[in-house]
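Letter by letter, the sequence shown follows residues 823 to 1126 of my numbering.
A short write-up of the structure that comes next.
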Amino acid sequence: MSSGSNAQPAVDFALTELRLAQAALGVDIAQAILNLVLLIVTGVSVYYAFRAYRHQKERAKKDAACELARYYAHDIIHRSTFLSYTITQCGIAQKIKDLFALEKLKDFSLSERNRLLQENGLSPSQVEEVSKELVMLDPWVIYDGMIRNAKSEEERNTLAAEYLETSDIKAKPKIKNRDLLLRTFVGEVNMLLNDLEWFAMSCQYGLADEEMLYQSLHSTFLSQIWMLYNHICLANYSSEDKLFTNVIWLFNLWRDRLKNLQGENQEEAKRISQEIEHKELELAEARKKAQQMEPKIHIGKQLK
823 MSSGSNAQPA VDFALTELRL AQAALGVDIA QAILNLVLLI VTGVSVYYAF RAYRHQKERA
883 KKDAACELAR YYAHDIIHRS TFLSYTITQC GIAQKIKDLF ALEKLKDFSL SERNRLLQEN
943 GLSPSQVEEV SKELVMLDPW VIYDGMIRNA KSEEERNTLA AEYLETSDIK AKPKIKNRDL
1003 LLRTFVGEVN MLLNDLEWFA MSCQYGLADE EMLYQSLHST FLSQIWMLYN HICLANYSSE
1063 DKLFTNVIWL FNLWRDRLKN LQGENQEEAK RISQEIEHKE LELAEARKKA QQMEPKIHIG
1123 KQLK
């Protein structure tokens, strides 16, 4: 009896410990479940917060692209009209297109320009001669371009007083202050390129959606940079201090994208043309078989 009595407290203690362990295990399981639920809630919150951040970021990039497009239309195009008119009327734009193929422009450096001229078969002396021709501007053309681009009658009168010499009323006016006129043109070129550099910088660093801008602006942007190729190369006579790097980056990006899209369109047009040709062959073959078939003669039933 004494042995059984001594064992009972030990059994009770063991049962108590077991119950405590079960209770602790239940608490641990509940805590683990609670932690798991909190982890899931936190993960879902982070996911939706990230989605909201991405949506806000994409919306901000699209809004920035719209602002850039409006700035491009109101400011850059207006300034570019004057430069494009002058360079085209002086024959420089056509020379640049003839001498420098669009697909070969990449570094926009003086060494690249001279290499492309030599690849066209020009000797070093001819390269020097062409270099001079590419910067020869007729002051009358510059003045005419400024007059065409003037926004008011007052501005036109100011330009006439600044650059026209009309001492003899019967004689044709002469251009005065030629050096100032040429410096004004070069200054306009630099201002345009600086504005385009800021425009391209917003695209390169993701501040604006460049793919959205590409749809409507790539054509004018590429033509402007192509037109100003020689001017950019003259500014980049040294590779250590290269200028307009963002403009060059965007030009190469949009030019290569345009080339790829043109290639895809050509492949698609070729595929459609082949399908049409195949269908035409099938139709011709069907017509040929139809002509070779003898007509059936239908005989009516005999009269009773």
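All C-beta atoms in this analysis are idealised placements derived from N, C-alpha and C, irrespective of residue type, glycine included.
Note that the structure is predicted; figures quoted are calculated from it, not measured.
Cβ neighbours of I898 within its own chain (closer than 6 Å, five residues either side excluded): D1017. The way I'd put it, the stretch 911-930 does touch the stretch 1048-1059; three or more beta-carbon pairs between them come closer than 8 Å.
In this structure, the beta-carbon distance from Q1026 to W1076 does not fall below 8 Å. A straight-line Cα-Cα distance of about 21 Å links Q1084 and I1098. In this structure, L938 lies near K926, with their beta-carbon atoms less than 8 Å apart. With fewer than 16 other Cβ atoms inside 10 Å of its own Cβ, I862 counts as exposed. When E1102, S906, T988, A1106 are compared, the shortest CA-CA separation from L1014 is found for S906. Annotation: the continuous alpha helix (DSSP H) that includes A1108 extends over 1067-1114. In this structure, the beta-carbon distance from G967 to F904 falls below 8 Å. With respect to the 8 Å criterion, A886 and A1030 are classified as neighbours on the basis of their beta carbons. Here K1101 is exposed, its C-beta having fewer than 16 other C-beta atoms within 10 Å.
Under the three-state reduction of DSSP output, L1029 falls in the coil class, being neither helix nor strand. In the DSSP assignment, T910 falls within the unbroken alpha helix (DSSP H) covering 899-911.
DSSP, read as helix, strand or coil, puts K994 in coil. Here DSSP, grouped into helix, strand and coil, assigns L944 to coil.
Burial is judged here by how many other beta carbons sit within 10 angstroms of a residue's own beta carbon; N1052 has at least 16 and is buried. Each residue's CA atom was taken as its position, placing W1048 and N936 some 16 Å apart. Beta-bridge analysis with DSSP links E987 to K996. The C-alpha of A982 is placed about 56 Å away from the C-alpha of K1092. Residue range 1051-1057 is occupied by the alpha helix (DSSP H) that includes N1052. Looking at F1021, T838, V963, the one whose alpha-carbon comes closest to that of A891 is F1021. Closest option to D1001, judged by alpha-carbon separation, among L1044, W962, N857, T1042: W962. Secondary structure note for L921: its alpha helix (DSSP H) is the uninterrupted segment 914-921. Contact between I997 and L1004 fails: their C-beta atoms lie close to 11 Å from each other, not under 8 Å. Spanning the alpha carbons of E1090 and S1041 requires a straight line of approximately 22 Å.
Between the alpha carbons of I918 and D1063 lies a distance of about 24 Å.
Sixteen is the threshold: when 16 or more other Cβ atoms of the shown chains lie within 10 Å of the Cβ of E1010, as they do, the residue is buried.
With a cutoff of 8 Å on beta-carbon distance, N1082 and E1019 are scored as not near each other. For D966, the enclosing alpha helix (DSSP H) stretches over residues 961-971.
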